[in-house]
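Participant: Would you mind keeping the following structure in view while I ask a few things?
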Ligand SMILES: *Cc1c(COP(=O)(O)O)cnc(C)c1O
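Rendered as structure tokens:
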């Protein structure tokens, strides 16, 4: 039985074309800037996002940390969403490694931060206070139902931040999903922010890696920060080669994943006792009511016995993520399995 893995889009394996490109990749020592494949990927990423420069990093977590270390010094403060990946799931790396205080502000259900909340969180110049340096946004917002932030909203935050002398970092792990869902060019989503990170290793199917993009000075600083956290890789072209295929081939098909997530949501909503959250990209959250008489563990285990993997999360919420290796038939099989387990 083929396993249908909906736990995350990080479970995606490289495509045959990626493996071929990895095999053939021209490489060099990237710390010396001599890996032609990494150089090409960094240029391509910057071009796609409309930024001056790009930096290949080992993971999204490293990209966000390196951005924070570049924008902020020790004792500075960064405004973050209280449901953001950077605040919840990155070990507090900004504080642990950078001496940066995270200042959480409530994420609204659509993943935004209220402009007034941001404004109120910005510190005055006072000897008692840390200095506020940065606002972080997340697009699409993982914990807020995978919702995309619009270009208009992102620009509003950037203007507010810039008017107060702050910079803006965008955790765009799934920024191409946001562009696909909103039907806009990815440049529109990032044009006013100072830095943006996106992942190659999620819906874009590459095995490893993320890109951090920004202006030339920012990326020069980020290159130093990447080295000190151990991210100076050598013949990384074997990884970057898959990333190039990801950027060339995988961004324009993400709407298919969104359509499958929607179909899964519609099917789940027909099953009594299942409550489905709004879905706009490839991330779907749902919960089961007490009336079905199954614990979250029983549901996860029952599905696993039927070859379906998904994540049970806090408060009895479940997460299912569609991706390249999930087909229409898989969605039908998942719905049948759910009906059986809840019957
Ligand atoms: C996955 C993810 C990251 C971190 O990426 P890793 O490559 O897993 O370190 C950061 N932000 C968001 C929103 C993510 O979904």
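Numbering (this note's numbering), first residue to last: 21 to 363.
For every residue, glycine included, the Cβ atom is placed at its ideal position computed from N, Cα and C.
Using 8 angstroms for Cβ pairs, my map puts residue 78 next to residue 263. What's the rounded Cβ distance?
Facilitator: Wrong, their Cβ atoms sit about 12 angstroms apart, outside the cutoff.
Participant: Pull up the distance between the alpha-carbon of residue 75 and that of residue 131, whole angstroms please.
Facilitator: Going from the Cα of residue 75 to the Cα of residue 131 covers about 26 angstroms.
Participant: Over the uninterrupted alpha helix (DSSP H) stretch that includes residue 71, give me the two end residues.
Facilitator: Counting along the chain, residue 71 falls outside any alpha helix (DSSP H), and DSSP gives it neither H nor E.
Participant: For the alpha helix (DSSP H) containing residue 136, list its first residue and its last residue.
Facilitator: It spans 135-141 - the alpha helix (DSSP H) in which residue 136 sits, taken as one unbroken run.
Participant: Measuring alpha carbon to alpha carbon, tell me which residue in 363, 323, 334 is nearest residue 21.
Facilitator: Among 363, 323, 334, the Cα nearest to that of residue 21 belongs to 323.
Participant: Can you name, in chain order, every residue of its own chain whose Cβ lies under 6 angstroms from the Cβ of residue 181, other than the five neighbours on each side?
Facilitator: Excluding residues within five positions, the ones whose Cβ falls inside 6 angstroms are 155, 188.
Participant: From the DSSP output, read off the bridge partner residues of residue 351.
Facilitator: BP columns for residue 351 are empty, so no partner.
Participant: Quick check on DSSP: helix, strand or coil for residue 214?
Facilitator: In this structure, residue 214 counts as coil in the three-state DSSP scheme.
Participant: State the DSSP-derived secondary structure class of residue 158, mapped to helix, strand or coil.
Facilitator: Residue 158: strand per DSSP, three-state reduction.
Participant: Suppose you measure from the CA of residue 237 to the CA of residue 98; what does that come to, to the nearest Å?
Facilitator: Distance between the alpha carbons of residue 237 and residue 98: 20 angstroms.
Participant: Go through its chain and collect everything with a Cβ distance to residue 261's Cβ below 6 angstroms, but skip five positions before and after it.
Facilitator: For residue 261, where only same-chain residues beyond five positions count, the Cβ hits under 6 angstroms are 41, 42, 45, 57.
Participant: Would you kindly check if the distance between the Cβ of residue 127 and the Cβ of residue 217 is under 8 angstroms?
Facilitator: The answer is no: Cβ separation not under 8 angstroms.
Participant: By a C-beta neighbour count over all protein chains shown, 10 Å radius and 16 as the cutoff for buried, is residue 213 buried or exposed?
Facilitator: The residue in question, residue 213, is buried, as its Cβ has 16 or more Cβ neighbours within 10 Å.
Participant: How would you write the range of the beta strand (DSSP E) that residue 101 sits in, first residue to last?
Facilitator: First-last of the beta strand (DSSP E) with residue 101: 96-101.
Participant: Would the C-beta of residue 84 count as close to ligand 1, meaning under 7 angstroms from any of its heavy atoms?
Facilitator: Indeed, a heavy atom of ligand 1 lies less than 7 angstroms from the Cβ.
Participant: For a minimum of 3 consecutive residues, which ranges assigned as the beta strand (DSSP E) are wholly contained in the region 163-220?
Facilitator: DSSP runs (the beta strand (DSSP E)) wholly in the region 163-220: 187-191, 215-219.
Participant: I need the boundaries of the beta strand (DSSP E) containing residue 295, first residue and last residue.
Facilitator: Taken as a continuous stretch (DSSP letters only), the beta strand (DSSP E) holding residue 295 covers 294-296.
Participant: Return the first residue and the last residue of the alpha helix (DSSP H) that residue 305 is part of.
Facilitator: Per DSSP, residue 305 belongs to no alpha helix (DSSP H); it is in the beta strand (DSSP E), 303-308.
Participant: Indicate whether residue 299 and residue 285 have their beta-carbon atoms separated by less than 8 angstroms.
Facilitator: Taking 8 angstroms as the Cβ cut-off, residue 299 and residue 285 qualify as a contacting pair.
Participant: Quick one: does the C-beta of residue 385 sit closer than 7 angstroms to a heavy atom of ligand 1?
Facilitator: The question about residue 385 has no answer, for the chain in this structure spans 21 to 363.
Participant: Say yes only if the C-beta of residue 79 is nearer than 7 angstroms to one or more non-hydrogen atoms of ligand 1, and no if none qualify.
Facilitator: Result yes, Cβ under 7 angstroms from ligand 1.
Participant: In chain order, which continuous runs of the alpha helix (DSSP H) of length 4 or greater are located wholly inside the region 222-254?
Facilitator: DSSP runs (the alpha helix (DSSP H)) wholly in the region 222-254: 236-248.
Participant: Would you grab the beta carbon distance between residue 328 and residue 281 for me? Rounded to a whole angstrom, and I think it's under 8 angstroms.
Facilitator: 15 angstroms between Cβ atoms; not a contact.
Participant: I need the boundaries of the beta strand (DSSP E) containing residue 1, first residue and last residue.
Facilitator: Shown here, the chain extends from 21 to 363; a query on residue 1 therefore has no answer.
Participant: So, at 6 angstroms on beta carbons, what are the nonlocal neighbours of residue 338 in its own chain, with the 5 sequence-adjacent residues on each side left out?
Facilitator: Within the same chain, residue 338 has close Cβ partners 306, 330, 332.
Participant: Roughly how many angstroms lie between the CA atoms of residue 38 and residue 265, to the nearest whole one?
Facilitator: Going from the Cα of residue 38 to the Cα of residue 265 covers about 6 angstroms.
Participant: Return the bridge partner residues of residue 340 from the DSSP annotation.
Facilitator: In DSSP, residue 340 forms a bridge with 304.
Participant: What is the DSSP secondary structure of residue 145, counted as helix, strand or coil?
Facilitator: It is coil, neither helix nor strand.
Participant: For the beta strand (DSSP E) containing residue 86, name the first residue and the last one.
Facilitator: It is not in any beta strand (DSSP E) - residue 86 instead sits in the alpha helix (DSSP H) that spans 80-91.
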